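FYI, the numbering for the sequence shown is -26 to -1, 1 to 787, going by mature numbering (1 follows the signal peptide of the UniProt record, and there is no 0). The next block holds one structure in the form of structure tokens; read it before the comments.
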Amino acid sequence: MAPSSAARLWTTLVLHGCCLLGAAAAAAQNSREVILLDSKAQQTELEWISSPSTGWEEISGLDENYTPIRTYQVCQVMESNQNNWLRTNWIEKGDAQRIFVELKFTLRDCNSLPGVVGTCKETFNLYYQETDAEVGRNIRESQYVKIDTIAADESFTQGDLGERKMKLNTELRIIGPLSRRGFYLAFQDVGACIALVSVKVYYKKCWSIIENLATFPDTVTGSEFSSLVEVEGTCVSDAEEEADNSPKMHCSAEGEWLVPIGKCICKAGFHQKGDASPSQVSELIKEKVQQRSVQLSWQEPEQPNGVITEYEIKYYEKDQKDRIYSTVKSKSTSATVNNLKPSTAYVFQIRAFTAAGYGTFGPRLEVTTKEEPSGTASTEQNPVIIIAVVAVAGTIILVFMVFGFIIGRRYALAVKFPGTKTYIDPETYEDPNRAVHQFAKELDASCIKIERVIGAGEFGEVCSGRLKLPGKRDVPVAIKTLKVGYTEKQRRDFLCEASIMGQFDHPNVVHLEGVVTRGKPVMIVIEYMENGSLDAFLRKHDGQFTVIQLVGMLRGIAAGMRYLSDMGYVHRDLAARNILVNSNLVCKVSDFGLSRVIDDDPEAVYTTTGGKIPVRWTATEAIQYRKFTSSSDVWSYGIVMWEVMSYGERPYWDMSNQDVIKAIEEGYRLPAPMDCPPGLHQLMLDCWQKDRADRPKFDQIVGILDKMIRNPNTLKTPLGTCTRPISPLLDQNTPDFATFRSVGDWLEAIKMERYNDNFTATGYSSLESVARMTIEDVMSLGITLVGHQKKIMSSIQTMRAQMLHLHGTGVQV
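See below:
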């Protein structure tokens, strides 16, 4: 159908309505963006390719500043089976590998179009094609790769047209890595009423910068979201590289420079103006020594190298060396250190602080506090005084016991069992700094050497390096750093993880080495896990481990979770991506700072009660009511089991989060991964019981896995903990092969209908013949995607088990 005058009128009103949105319709220019295409910037005809010619139509409009712009619209909703394509001109990508596509569009609500509800759509599809040169004006659909289906958050109705309240949608998609010289974008309409207001295509780069006397050039970001591009710096004039410590920085995927490694130093005879480490305080003087305090003074350095704004005194008991130390800060040249022990030798050191940071600690000063005066002889000989003292002491102890019990119930500070600690929530502290210093050891930044950046986290980058404490050998560590320009809330949230980790001590829980909070950058230092996250590790080594090795990994995770559960800690985000693996294949639970899921987690989805949760790993009661307990962690552990036995397969495959929620509510459970023993799958099913009271405890899970390791034959027999064995093969809401009329019905039910022709062409026309297929048979059909192979084989195993069950019960198959 040719574009009607009504359609043109609709589009014109849409664009004028957008004008009324004003600044809300305009996107601020990001200084890290390099624009490849901006349709709003071109006022002449765009001349993109439309196929068929009666589909997308190029028209003129006005933007929010009443500047003429060129846009495209289509509104063929009166006819079914629409397939209208629109292709941009060729876009040369330059050095870019990762491309951002920003779309702004308006879309008509199908319910406001009478008579066309069955044929109208409220989405369109976005595609791209890589080429080394322009390929002509013909559009061959098979050569395009789909990026996504684009849906509108806001649609408008006929009433909105009269009031001119147009609702502009903005969607951002990312494509890459790209390997050819350029590409085309294409838009497919399948029956929507839509106006494509603007298309912007860009990539990001880190702009040149001078840091640590080194120049770093403009650098294009990497091809993946987590990729980091290492860049060598060049020393500025009159500077040279520090020995064995050449300057490097890493360009993040968002176009941000991360914390530098190495540096340049001034050549002999030169110094860095206004940016030297403060000079060392030459001498610390004891002024007055008491039983429990020491008064100290010092002189400001003759050449302070800047304005000294603060001094820091470090002190510790001589016998303890500096394994455990405390600090006192002063803005003057004197300070009193209180709360010391009588008759105890202490060591004191001081350093200065300027805008350039802390200087080095000065020479040590040893001071022994005075003895406590004795004056108890008379009371020792007076029974009345002794009785009175004992009575008062007893009363005080009783009061403290009652008070401690009340506080303990409120803040979970009470000890549950002799020798068992209880987790203390850092949020109960009014001062978060007090929490982190109670549970985490403060490290001197000079003991840490950052060697390379290995990833990017929510708050900054993650590095590997070495930790060398006095009197100990250096050890490999992972270092999480807080990025420059942080807010106080970000600093508090960042250090919260250390406040949590510092309370744990278990071989299957990642160990905290300490923190750096008194310098920049702020750091969390943890043990180094050579093999990284468990999900990526398993995908890299698909099929390379025995079942017992996999069970051993699961046993370690369960042991770590048992320890955390006994302490009263609920993880909330237990998943294979949050398990780390060391060189000995020991698995350790990690990622404690994010017991609340971060907003940009791609696995998370908003819930009706607010916030985001990782749906595929989360128990039903936690999704619906945000009821997180150790039992909800058990559900998540069952998903981790499935991830491990499927070598890092994505839970629920390509189902949407909403489809997962609906399926789980209807009783669906993940089938056994390929070659997964029945005993392990039954344990997964126990973890996924709808009633959390029916799920096993982590202590029971560890016991079951121990039995399987000692006697591998038990892997073949379910050792479930539930009184009612459940199976996704027999549940009423699980896809039942008996309800399928054909192979096509079965493929559609498991969302694999794209392979219907493959099965038909090779003679698999009945479900009975499909049930006898092996993985080799599936591969012979031309199904090359490993994830699809596994999904089909899992369903075939389910079908086969259902057939055996029905044969055993006498049901006619």
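We treat Cβ as the ideally placed atom computed from N, Cα and C, and that holds for glycine. The model shown is predicted, which means the values in this text are computed figures rather than measured ones.
Simplified DSSP state of residue i, which is helix, strand or coil
i	result
Met658	helix
Glu291	strand
Glu257	coil
residue 832	The requested residue 832 is not part of the displayed model; the chain covers only -26 to 787.
Asp122	strand
Trp231	strand
Asn219	strand
Ala723	helix
Phe511	helix
Ser716	coil
Lys636	helix
Ala213	strand
Lys141	coil
Arg609	Residue 609 is actually Trp in this sequence, not Arg. In the structure shown, Trp609 sits in a helix (DSSP, three-state: H, G or I).
Pro588	strand
Asn313	coil
Lys664	coil
Asp628	coil
Ile553	strand
Ile678	helix
Ala388	At Ala388, the pLDDT of 36 sits below 50, so the modelled position is not reliable and the matter cannot be decided from this model.
Glu115	helix
Residues that DSSP places opposite residue i in a beta bridge
i	result
His224	Glu204
Thr342	Ala319
Trp272	Leu258
Gly156	Glu66, Thr105
Asp649	Answer is none; Asp649 lacks a bridge partner.
Ser300	Tyr289
Gly35	Ile43
Val194	Lys179
Tyr332	Phe327
Phe672	Paired residues: none, contrary to the question.
Gln523	Paired residue(s): none; Gln523 is not in a bridge.
Ile500	Ala452, Leu486
Ser25	Trp59
Arg147	Val75
Thr189	Ile184, Thr208
Leu11	Val175
Leu170	Tyr46, Phe79
Gln162	Trp59, Asn99
Pick from the options that is closest to residue i, judged by C-alpha positions
i	options	result
Lys454	His480, Val427, Arg447	Val427
Thr45	Gly439, Ile168, Arg266, Phe74	Ile168
Lys415	Gly445, Gln477, Ser740	Gln477
Ala419	Pro400, Ser605, Phe433, Arg440	Arg440
Tyr397	Ser605, Ile675, Ile474	Ile474
Ile121	Val109, Leu159, Glu742	Leu159
Ala637	Arg590, Val555, Gly612, Phe130	Arg590
Phe566	Cys470, Leu100, Phe511	Cys470
Asn85	Ser116, Ala166, Ser739	Ala166
Leu657	Ile635, Glu462, Met682	Met682
Leu741	Tyr101, Leu548, Leu721, Phe468	Leu721
Ser306	Met629, Met767, Gln273, Val51	Gln273
Val205	Ala213, Glu198, Tyr177, Lys237	Lys237
Leu508	Leu187, Ser172, Glu108, Ile553	Ile553
Asp293	Glu261, Glu340, Asn312	Glu340
Arg155	Glu108, Leu146, Thr123	Glu108
Lys78	Gln47, Leu417, Glu53, Thr334	Gln47
Tyr611	Lys494, Ile757, Thr592, Gly459	Thr592
Cys661	Ser605, Phe714, Glu639, Leu456	Ser605
Thr18	Phe433, Pro42, Lys95	Pro42
Ser630	Glu595, Trp616, Asp649, Pro588	Pro588
Thr334	Gln254, Glu345, Arg546	Gln254
Presumed contact (8 Å Cβ cut-off) between residue i and residue j, rounded CB distance
i	j	result
Glu501	Val484	6 Å
Lys174	Glu76	4 Å
Leu659	Arg643	6 Å
Val489	Leu417	7 Å
heavy atom of the ligand PLP below 8 Å from residue i C-beta
i	result
Val449	Looking at this structure, you won't find the ligand PLP or any other ligand, since it has none at all.
Please give the ranges of any beta strand (DSSP E) in the segment 80 to 106, keeping only runs that are unbroken, at least 3 residues long and fully inside the region.
Whole beta strand (DSSP E) segments, 3+ residues: 97 to 105.
Going residue by residue through the segment 738 to 779, where are the continuous alpha helix (DSSP H) segments of at least 4 residues, counting only ones entirely within it?
Within the segment 738 to 779, the complete alpha helix (DSSP H) runs of at least 4 residues are 741 to 745, 749 to 754.
Only counting runs of 3 or more residues, tell me where the beta strand (DSSP E) segments fall wholly within the segment 416 to 484, in order along the chain.
With a minimum length of 3 residues, the continuous beta strand (DSSP E) runs that stay inside the segment 416 to 484 are 422 to 430, 435 to 441, 449 to 455.
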